[in-house]
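Note sheet for the following structure.
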Amino acid sequence: MSATRNLNSRSLAAVVLLGAVVLLLLPHLLPPYYLGLAVQMLVFALFAMSLDLLIGYGGMASLGHAAYFGVAAYATGLTALRLHWDVWLALPAGLLAAALTAVLFGLLALRTRGSYFLMITLALSQVLWGVAFGWRSLTGGDDGLPEVPRPDLGLPNLGLGPLTDSIPFYYFVLFFVTLGALLLVRIVNSPFGHALRGIRESETRMLALGFNVWRYKLTAFVLAGTFAGLAGCLYVYFNRFVSPDYIHVTRSAEVLLMVILGGAGTLIGPAIGAALIVLLQNVVSGYTERWLIVIGTIYILVALFAPDGLIGVIRRLRRRTP
Amino acid sequence: MTALAADMLSRNFGGVHALTDVSLAVEPGERRLIIGPNGAGKTTLFNMLSGLMPVSSGTVRLFGRDITQVPAYERARMGLARTFQITNLFPRLTVLENVLLALLSTDESAFALHCRMAANHALVEKAEALLAKWNLTPITSRTAKEISYGEQRQVDLILAMAVEPKVLLLDEPTAGLSAAEVVRVVGMIRSLPKDMTILVIEHDMDVAFDLADRITVLNQGRLLVEGDVETVRNDPRVTEIYLGADDEPC
Numbered sequence: 548m549s550a551t552r553n554l555n556s557r558s559l560a561a562v563v564l565l566g567a568v569v570l571l572l573l574p575h576l577l578p579p580y581y582l583g584l585a586v587q588m589l590v591f592a593l594f595a596m597s598l599d600l601l602i603g604y605g606g607m608a609s610l611g612h613a614a615y616f617g618v619a620a621y622a623t624g625l626t627a628l629r630l631h632w633d634v635w636l637a638l639p640a641g642l643l644a645a646a647l648t649a650v651l652f653g654l655l656a657l658r659t660r661g662s663y664f665l666m667i668t669l670a671l672s673q674v675l676w677g678v679a680f681g682w683r684s685l686t687g688g689d690d691g692l693p694e695v696p697r698p699d700l701g702l703p704n705l706g707l708g709p710l711t712d713s714i715p716f717y718y719f720v721l722f723f724v725t726l727g728a729l730l731l732v733r734i735v736n737s738p739f740g741h742a743l744r745g746i747r748e749s750e751t752r753m754l755a756l757g758f759n760v761w762r763y764k765l766t767a768f769v770l771a772g773t774f775a776g777l778a779g780c781l782y783v784y785f786n787r788f789v790s791p792d793y794i795h796v797t798r799s800a801e802v803l804l805m806v807i808l809g810g811a812g813t814l815i816g817p818a819i820g821a822a823l824i825v826l827l828q829n830v831v832s833g834y835t836e837r838w839l840i841v842i843g844t845i846y847i848l849v850a851l852f853a854p855d856g857l858i859g860v861i862r863r864l865r866r867r868t869p
Numbered sequence: 011m012t013a014l015a016a017d018m019l020s021r022n023f024g025g026v027h028a029l030t031d032v033s034l035a036v037e038p039g040e041r042r043l044i045i046g047p048n049g050a051g052k053t054t055l056f057n058m059l060s061g062l063m064p065v066s067s068g069t070v071r072l073f074g075r076d077i078t079q080v081p082a083y084e085r086a087r088m089g090l091a092r093t094f095q096i097t098n099l100f101p102r103l104t105v106l107e108n109v110l111l112a113l114l115s116t117d118e119s120a121f122a123l124h125c126r127m128a129a130n131h132a133l134v135e136k137a138e139a140l141l142a143k144w145n146l147t148p149i150t151s152r153t154a155k156e157i158s159y160g161e162q163r164q165v166d167l168i169l170a171m172a173v174e175p176k177v178l179l180l181d182e183p184t185a186g187l188s189a190a191e192v193v194r195v196v197g198m199i200r201s202l203p204k205d206m207t208i209l210v211i212e213h214d215m216d217v218a219f220d221l222a223d224r225i226t227v228l229n230q231g232r233l234l235v236e237g238d239v240e241t242v243r244n245d246p247r248v249t250e251i252y253l254g255a256d257d258e259p260c
């Protein structure tokens, strides 16, 4: 058994290494438009992984995860635009805003379970959407906040040009997404992560064993919100723009689909799911505006034929061909 | 001092009285068997003792301390463990991970985010040793939902034993087991330290009479009889609820 485990961990290490090399070389392989697409894939991969911590590990299916993504985007955008904060202040401001929102929403939503949890997270995020939509003087309402500047790290020019250029910005995003992903991997493999799985499997058993289930769930909720916030901060820098769409339920549903399509509870699955959805969205939008029909169809097909997501399909295929 | 005591414990579900004014006091090291027909309120009693269900009225004491309002996880940390009538494991985790979680609950790293759980070798070794002790090593890497029902009941028991509780509540540990498995599980219960206080809900009368120091009989949510094995065995009211009232001797 240890031989197969070695083989698995060795092939896993090979895949990770290959992925890292490809990601590092990507700017030299792709024209600028596609590099922008790669940035979007990375950002949404992080966003989907953050939701996976809640769904896949904690068993808490949230339909309002865009709230933290959007709040962080607004906080970063507003502080960068109005207060002229640089990235070292605006980014932490975004993370803090996301974390505080998650604490507040978590205290309310975690009183419920299952579909009630789904509904209350949806309702809370839509309240925020309403605020972003209605408070024109602060958020610009429906028009959003245009012309959020690209970050300037104040680093010496490494021959790549300023960070406002697409190639250095790609590395900036790659750095934070990698950092976020590594932290998430660390968390799910920690005792905390294992306890979270236990809560997903049986809350009553965890209580009977002496785990303060509430504390674990709230911590997971806030962590997931903060990582979603990091994705939101990166996305506002990428788009140079933030609007109420960032918070809308369609975005929450989209990221939920990324997690389910990829395979909840695996981290890598949702990252792949996110990349695929972003890619597909770009391809489909070349032909039709009815993206939601496509996304709905995918959702139905996954639910019917691949309830464990793409990772589940891959695992099944690998088991069949030893 | 009594280990675990219930005083006038009641529980209503709407208008249904699941348990009415039940009092009992269990001494340290005692094996107390709780018997009674279906719907007698046995599991309801356990749920209130372990804190998974709030009481409607009455108090629960653990080693003299009133724990009626103490949440379930705190009670567990105070040394009160339980098993479940309907097997309550972590189905999609491996047997080893199941036991690891039980051991983790009392480990100082239980809330750690930064270290890898697999790197806690002391914990892993302890879990493996515990499973080896009960000859379950062959199934350690299988998920809890894959193993047989009999094995699940044993793992359920091991989870509760793993935390080395002072008071252990076992809710029908032998329910649905084959004769051979019953022998195994009873052996596991017998092997527990003599100073551990154990309450067992049991349907199998032979097992109950075999294990018990004292027996509490519940019927329709009320305490019917309490006493040692002989007293309960010879009590006509117990015979009546189990065999039905019979005017004519047959």
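Read top to bottom, the protein sequences are chains Y and G.
Offset between the first sequence (1-based) and the numbering used here: plus 547.
Offset between the second sequence (1-based) and the numbering used here: plus 10.
Cβ coordinates follow ideal geometry from the N, Cα and C atoms, glycine included.
Within chain G, the residues that residue i reaches when beta carbons sit closer than 7 Å
i, result
"residue 748 (chain Y)", "100, 101, 102 and 103"
"residue 734 (chain Y)", "123"
"residue 751 (chain Y)", "62 and 98"
"residue 737 (chain Y)", "122, 123, 124, 125, 126 and 127"
Within chain Y, partners of residue i - CB distance below 8 Å
i, result
"residue 213 (chain G)", "Those do not exist, as residue 213 (chain G) stays about 21 Å from chain Y at its closest Cβ, beyond 8 Å."
"residue 87 (chain G)", "757"
"residue 110 (chain G)", "741"
"residue 169 (chain G)", "752 and 756"
Partners in chain Y for residue i, counting only beta-carbon separations shorter than 9 Å
i, result
"residue 173 (chain G)", "756 and 757"
"residue 107 (chain G)", "741, 744 and 745"
"residue 91 (chain G)", "755, 756 and 757"
Short Cβ contact (9 Å threshold) for residue i with residue j
i, j, result
"residue 831 (chain Y)", "residue 591 (chain Y)", "no"
"residue 16 (chain G)", "residue 80 (chain G)", "no"
"residue 45 (chain G)", "residue 55 (chain G)", "no"
"residue 221 (chain G)", "residue 92 (chain G)", "no"
"residue 825 (chain Y)", "residue 587 (chain Y)", "yes"
"residue 842 (chain Y)", "residue 775 (chain Y)", "no"
"residue 804 (chain Y)", "residue 597 (chain Y)", "no"
"residue 688 (chain Y)", "residue 798 (chain Y)", "no"
"residue 854 (chain Y)", "residue 714 (chain Y)", "no"
"residue 560 (chain Y)", "residue 120 (chain G)", "no"
"residue 101 (chain G)", "residue 150 (chain G)", "no"
"residue 695 (chain Y)", "residue 604 (chain Y)", "no"
"residue 576 (chain Y)", "residue 818 (chain Y)", "no"
"residue 234 (chain G)", "residue 248 (chain G)", "yes"
"residue 746 (chain Y)", "residue 606 (chain Y)", "yes"
"residue 32 (chain G)", "residue 232 (chain G)", "yes"
"residue 72 (chain G)", "residue 90 (chain G)", "yes"
"residue 610 (chain Y)", "residue 648 (chain Y)", "no"
"residue 621 (chain Y)", "residue 782 (chain Y)", "no"
"residue 756 (chain Y)", "residue 112 (chain G)", "yes"
"residue 173 (chain G)", "residue 14 (chain G)", "no"
"residue 19 (chain G)", "residue 209 (chain G)", "no"
"residue 655 (chain Y)", "residue 643 (chain Y)", "no"
For residue i, the residue or residues it bridges with in DSSP
i, result
"residue 211 (chain G)", "G:44 and G:181"
"residue 229 (chain G)", "G:232"
"residue 692 (chain Y)", "Y:789"
"residue 29 (chain G)", "G:21"
"residue 76 (chain G)", "G:71"
"residue 633 (chain Y)", "Answer by DSSP bridge pairing: none, since residue 633 (chain Y) is not bridged."
"residue 153 (chain G)", "G:104"
"residue 237 (chain G)", "G:225"
"residue 36 (chain G)", "G:14"
Under 8 Å by beta carbon: chain G residues contacting residue i
i, result
"residue 760 (chain Y)", "83"
Within chain Y, the residues that residue i reaches when beta carbons sit closer than 7 Å
i, result
"residue 115 (chain G)", "756, 757 and 758"
"residue 16 (chain G)", "Those do not exist, as residue 16 (chain G) stays about 18 Å from chain Y at its closest Cβ, beyond 7 Å."
"residue 119 (chain G)", "738"
Task: Cβ pair count under 8 Å reaching 3, the stretch 710 to 726 of chain Y against the stretch 100 to 118 of chain G - done: Touching, no.
Open item on the list: Closer than 8 Å is the cut-off here; do at least three beta carbon pairs connect the stretch 27 to 41 of chain G with the stretch 847 to 858 of chain Y?
Closed with: No, because fewer than three Cβ pairs between the stretch 27 to 41 of chain G and the stretch 847 to 858 of chain Y fall closer than 8 Å, the two stretches do not touch.
TODO: Decide yes or no for the touch test of the stretch 614 to 627 of chain Y against the stretch 746 to 766 of chain Y: beta carbon pairs closer than 8 Å, at least 3 of them.
DONE: Short answer: they don't touch.
Open item on the list: List, from N- to C-terminal side, the beta strand (DSSP E) runs of 3 residues or more that fit wholly inside the stretch 70 to 129 of chain G.
Closed with: Listed in chain order, the complete beta strand (DSSP E) runs (minimum 3 residues) inside the stretch 70 to 129 of chain G are 90 to 92.
TODO: Give, in chain order, every unbroken run of the alpha helix (DSSP H) that is at least 4 residues long and sits entirely within the stretch 726 to 761 of chain Y.
DONE: For the stretch 726 to 761 of chain Y, whole alpha helix (DSSP H) runs of length 4 or above, ordered along the chain, are 738 to 748 and 750 to 756.
Task: Any 3 or more C-beta pairs closer than 8 Å across the stretch 804 to 813 of chain Y and the stretch 634 to 646 of chain Y - done: No contact exists between the stretch 804 to 813 of chain Y and the stretch 634 to 646 of chain Y.
TODO: Count the CB pairs spanning the stretch 132 to 144 of chain G and the stretch 163 to 175 of chain G that are closer than 8 Å, and state whether there are at least three.
DONE: As far as the Cβ criterion goes, the stretch 132 to 144 of chain G touches the stretch 163 to 175 of chain G, which means the pair count is three or higher.
Open item on the list: I'd like to know if the stretch 648 to 668 of chain Y and the stretch 676 to 691 of chain Y are in contact, where contact means that at least 3 CB-CB pairs between them fall below 8 Å.
Closed with: In this structure the stretch 648 to 668 of chain Y does not lie against the stretch 676 to 691 of chain Y, because fewer than three pairs of beta carbons, one per stretch, are closer than 8 Å.
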